[in-house]
DNA sequence: ATTTGTATTGACCGAATCGGTTATTCGTGA
DNA sequence: TCACGAATAACCGATTCGGTCAATACAAAT
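Protein chains in written order, with this note's numbering: chain X, 1 to 203; chain P, 1001 to 1203.
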């Protein structure tokens, strides 16, 4: 492990991305060290030099990804003061930004949760649920309910936005056009805000 | 192949589902005949007795899945007459019903589109795009535009609903509670209809 | 230029698994 | 009891697996 951490940041990222991509695509068992080494452009022996065993590499990736994920959550807290729709928009932009900057972590986390080996996957599932609750509390605040034509719509609207978010993240996948998606998302939010808010709160 | 088609329908489905599940989880290369045979509860030799080669089995699954998918599209055409929101609701219910009855085909089709071997995957991508366009034309009809408070919202609202649909399908995954999701979907549509339609079209 | 220490790797290991074959066993109807 | 087709256990050579190790490439120090 120290051997790996002594590498330059770029090389670390290169190797991590290759491993994250392989593991998230194929799962722990079917992902092979050979594939990862080839994708990273280094020799298989180096990987074992850095991480010792396949399981060690995997566990390192799990920890690195969860801390990175938690950090992303922390960042979102900064924008807790604006209006409901603005907060949602900020959260989505940050999510997509994070996805652009670090494309493999989200897919990897999801793949870990699907692993049959229960030990780690349960822990990750907890982390994801916790993150979702965190997001819920951060977005949906009583102070905004008064702005709705029908305040009782708010929870269902929030769940709707979550569905949209999942759908959009799923559609992104490859090197898709982020800006176009962000733009469409902004238009969707603007449209929904217009219809769900009372006139006097449409700024 | 004739050997396989001579089997009882239940056994055919059992074997198909095992193969679809393995191929969609692991992709063509990493999915092994051993895994499929074990999951289907038959011997590996039988699989080769039925299909000859791995590639043959895969191609059979591709064709079977595309015809099944096309059949599902045809069925949807029956509901082309109702109101916009009713059509969308019907389409989602049918989609989820089909997903419940035939859980592995949708995931398999998506996995085929992701295959690096371009030959088949391109054909499947075309089929998916075609299906999406078919759905679009089926749902969004000029006759309904007059019911909207702002007719220009309709296309974006439709895209929003597509995002929601993707998100929900993605959330279903396992043996989740279909009825709960259908119910939530109905509530979401009712809410959106209320806010987007003119009062006189709320029946 | 030579030595030294280290980062990287090609070549290799036994074991497992791959796709595919074959010879035997099993089940059933005559 | 025999015969026949369906199913499979055992096996095939080839490849790949996770992992090791000795040789090489390379940079710093002398």
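Every residue, glycine too, gets a C-beta built ideally from N, C-alpha and C.
In this text, all values refer to a predicted model and were calculated from it rather than measured experimentally.
Let's test the definition: count the other Cβ atoms within 10 Å of the Cβ of residue i and tell me whether it reaches 16, buried, or not, exposed.
i: residue 1149/P; result: exposed
i: residue 1118/P; result: exposed
i: residue 1022/P; result: buried
i: residue 1020/P; result: buried
i: residue 16/X; result: buried
i: residue 45/X; result: exposed
i: residue 169/X; result: buried
i: residue 129/X; result: exposed
i: residue 1066/P; result: buried
i: residue 193/X; result: buried
i: residue 57/X; result: buried
i: residue 35/X; result: buried
i: residue 1047/P; result: buried
Under 9 Å between the Cβ atoms of residue i and residue j?
i: residue 111/X; j: residue 32/X; result: no
i: residue 96/X; j: residue 4/X; result: no
i: residue 1013/P; j: residue 164/X; result: no
i: residue 138/X; j: residue 109/X; result: no
i: residue 1156/P; j: residue 184/X; result: yes
i: residue 1083/P; j: residue 1144/P; result: yes
i: residue 90/X; j: residue 76/X; result: yes
i: residue 166/X; j: residue 1167/P; result: yes
i: residue 1026/P; j: residue 30/X; result: yes
i: residue 38/X; j: residue 131/X; result: no
Name, in chain order, the residues that DSSP records as bridge partners for residue i.
i: residue 208/X; result: The displayed coordinates of chain X run from 1 to 203. Any statement about residue 208/X would go beyond what the structure contains.
Within the continuous alpha helix (DSSP H) that includes residue i, where are the two ends?
i: residue 1083/P; result: No alpha helix (DSSP H) contains residue 1083/P, which DSSP labels as neither H nor E.
i: residue 126/X; result: 118–139
i: residue 1021/P; result: 1009–1030
i: residue 115/X; result: Looking at the DSSP string, residue 115/X is not in any alpha helix (DSSP H), and its letter there is neither H nor E.
i: residue 1153/P; result: Premise fails: residue 1153/P is in no alpha helix (DSSP H) and is neither H nor E.
i: residue 35/X; result: 33–40
i: residue 69/X; result: 54–76
i: residue 45/X; result: 44–51
i: residue 1005/P; result: 1002–1005
Considering only C-alpha positions, which residue in the set the options is nearest to residue i?
i: residue 1088/P; options: 1167/P, 1158/P and 1009/P; result: 1158/P
i: residue 1072/P; options: 1045/P, 1061/P and 1101/P; result: 1101/P
i: residue 1059/P; options: 1007/P, 1039/P and 1121/P; result: 1121/P
i: residue 1064/P; options: 1189/P, 1040/P and 1105/P; result: 1105/P
i: residue 1180/P; options: 1093/P, 1007/P and 1067/P; result: 1093/P
i: residue 40/X; options: 115/X, 18/X, 29/X and 26/X; result: 18/X
i: residue 1123/P; options: 1062/P, 1198/P and 1196/P; result: 1062/P
i: residue 171/X; options: 107/X, 189/X and 147/X; result: 107/X
i: residue 1190/P; options: 1007/P, 1001/P and 1086/P; result: 1086/P
i: residue 201/X; options: 147/X, 186/X and 27/X; result: 147/X
i: residue 153/X; options: 43/X, 182/X and 198/X; result: 198/X
i: residue 1182/P; options: 1125/P, 1098/P, 1151/P and 1132/P; result: 1098/P
i: residue 1028/P; options: 1007/P, 1042/P and 1055/P; result: 1055/P
i: residue 1188/P; options: 196/X, 43/X and 186/X; result: 196/X
i: residue 42/X; options: 52/X, 11/X and 116/X; result: 11/X
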